[in-house]
Amino acid sequence: MAFSALAYFSALVKQVCRTVFCLLPLNAHGPHETPIGSSFFRQSLYLANACSVVVPAVLPAVEAAYERAMIGEVAALCRHIPRRDLCIQWDVCNEMVMWDGQPTDAVPGDEPHEKIIARMQRLCAAVPEDVELGLHLCYGDFGARHFVEPKDAAKMVEFANALANSIKRPIAYIHMPVPIERSDDAFHRPLGDLKLKDSTQLFLGIVHAKDGVEGAKARMAVARRYAPKFGIATECGMARARSEETVRTLLKIHADVCAGS
Numbered sequence: 008m009a010f011s012a013l014a015y016f017s018a019l020v021k022q023v024c025r026t027v028f029c030l031l032p033l034n035a036h037g038p039h040e041t042p043i044g045s046s047f048f049r050q051s052l053y054l055a056n057a058c059s060v061v062v063p064a065v066l067p068a069v070e071a072a073y074e075r076a077m078i079g080e081v082a083a084l085c086r087h088i089p090r091r092d093l094c095i096q097w098d099v100c101n102e103m104v105m106w107d108g109q110p111t112d113a114v115p116g117d118e119p120h121e122k123i124i125a126r127m128q129r130l131c132a133a134v135p136e137d138v139e140l141g142l143h144l145c146y147g148d149f150g151a152r153h154f155v156e157p158k159d160a161a162k163m164v165e166f167a168n169a170l171a172n173s174i175k176r177p178i179a180y181i182h183m184p185v186p187i188e189r190s191d192d193a194f195h196r197p198l199g200d201l202k203l204k205d206s207t208q209l210f211l212g213i214v215h216a217k218d219g220v221e222g223a224k225a226r227m228a229v230a231r232r233y234a235p236k237f238g239i240a241t242e243c244g245m246a247r248a249r250s251e252e253t254v255r256t257l258l259k260i261h262a263d264v265c266a267g268s
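Numbering of the sequence shown is given in this note's numbering, commencing with residue 8 and proceeding in unit increments.
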């Protein structure tokens with residue numbers, strides 16, 4: 008594949024797959040005054056790696072070139088945007104689904120855990136240490152639905168612990184989705200096994216437009232029994248909302264939940 012075609016495909020995929028998160032940390036009295044890093048707002052860019060956008064049949068042929076192109080784009084972003092104002096998030100989708108192990112036609116391939124971790128080490132090492140790095144453990148987004156629903160948080164916790172142990176540079180945050188119907192102890196209990204470094208914040212995707220503040224607070228109350236320190240976000244980013252009205256609704260839910268937390 009010619010580099011020009013690869014670069015075009017990379018840019019196209021980033022536009023299609025980009026998700027926009029509102030990440031709000033909580034404490035006993037509401038949002039932290041300084042949630043992540045030294046400033047409240049950063050230019051956040053969310054990138055997908057080759058495994059999440061290339062069909063398994065051709066992945067071996069294009070992954071190395073695609074990865075070089077993405078790493079080159081990370082370097083370009085870091086040259087043109089002040090690093091103190093920048094956050095880069097890797098959207099970890101197909102890897103999360105494969106790590107989970109539930110069969111789905113949406114992710115027909117499979118990879119050993121060691122290969123998944125090695126890929127994430129390379130991608131994360133490409134982000135300079137003075138640029139914030141986030142990881143979104145994603146279960147897919149097709150028609151505003153996951154490819155497969157997590158049975159509970161256990162596989163996300165297992166994957167997050169493996170990433171925290173193997174990635175040498177600081178991780179500012181890890182985001183985990185919480186399905187709308189999961190306000191039960193069984194889903195959240197594995198969060199008690201999470202072992203993130205002190206410099207890494209956990210964000211849980213408890214905010215859903217369909218059940219608003221009440222639903223978010225119900226999920227938050229259960230999560231606090233097992234993961235007392237976390238921030239809130241939507242399940243899979245604002246782009247899933249598909250409309251300006253829904254985005255505004257989601258932002259208001261974030262604000263109302265934090266105001267009453």
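Using N, Cα and C, we set each Cβ at its ideal position, and we do this for glycine too.
Cβ separation of residue i and residue j, assumed to be a contact under 8 Å, to the nearest whole Å
i      : j      : result
Gln109 : Gly141 : Going by Cβ atoms, the distance from Gln109 to Gly141 rounds to 25 Å, so no, they are not a contact pair.
Arg176 : Glu139 : Wrong, their Cβ atoms sit about 11 Å apart, outside the cutoff.
Met127 : Leu170 : 6 Å
Cys145 : Cys100 : 4 Å
Ile187 : Gly222 : 7 Å
Asn168 : Lys204 : Asn168 to Lys204, Cβ: 11 Å. No contact.
Asp98  : Pro157 : Not quite, the Cβ-Cβ distance comes to about 16 Å (not below 8 Å), so this is no contact.
Simplified DSSP state of residue i, which is helix, strand or coil
i      : result
Asp98  : strand
Thr256 : helix
Pro184 : strand
Phe237 : coil
Phe194 : helix
Glu156 : coil
Leu201 : coil
Ser59  : helix
Gln109 : coil
His215 : coil
Gly141 : strand
Tyr53  : strand
Rounded separation between residue i and residue j - CA only
i      : j      : result
Ala68  : Gly244 : 30 Å
Lys269 : Leu257 : Residue 269 cannot be examined here, being either before or after the span of the chain that is shown, 8 to 268.
Leu103 : Met163 : Per the sequence presented here, residue 103 reads as Met, with Leu not at that position. C-alpha separation (whole angstroms): 7 Å.
Lys259 : Ala64  : 43 Å
Asp263 : Ile124 : 37 Å
Ile88  : Asn56  : 21 Å
Ser59  : Asp148 : 11 Å
Ala83  : Thr241 : 29 Å
Arg232 : Val254 : 29 Å
Arg189 : Met183 : 13 Å
Ser250 : Asp200 : 37 Å
Glu252 : Glu121 : 42 Å
His195 : Cys85  : 36 Å
Pro3   : Ser51  : Missing from the structure shown is residue 3; the chain here goes from 8 to 268 and no further.
Asn172 : Arg129 : 14 Å
Ser45  : Asp191 : Because the pLDDT at Ser45 is just 38, under 50, the model does not fix this residue reliably, and the value given afterwards should be weighed accordingly. Cα to Cα, the separation comes out at about 35 Å.
Own chain residues within Cβ distance below 6 Å of residue i, not counting five before or after
i      : result
Ala133 : Ile78 and Val81
Glu118 : Met105
Tyr180 : Gly141, Gln208 and Phe210
Arg90  : Asp137 and Val138
Val185 : Leu211, Gly212, Ile213 and Arg226
Phe237 : Leu209 and Leu211
Ala230 : His195 and Leu211
Gly116 : Pro63
Same chain only: Cβ atoms within 8 Å of residue i, ignoring 5 sequence neighbours per side
i      : result
Val61  : Val69, Glu70 and Tyr73
Ala216 : Ala248, Thr253, Thr256, Leu257 and Ile260
Proximity below 8 Å, CB of residue i to CB of residue j
i      : j      : result
Phe166 : Ala113 : no
Ala228 : Pro197 : no
Contact set for residue i: own chain, Cβ-Cβ below 7 Å, skip 5 residues either direction
i      : result
Ser206 : Pro177
Thr111 : Val104, Phe154 and Val155
Ile174 : Met127, Gln128 and Cys131
Distance cut-off 7 Å: residue i Cβ against heavy atoms of the ligand ADP
i      : result
Gln128 : Among the ligands in the structure shown, none appear at all, so the ligand ADP cannot be discussed.
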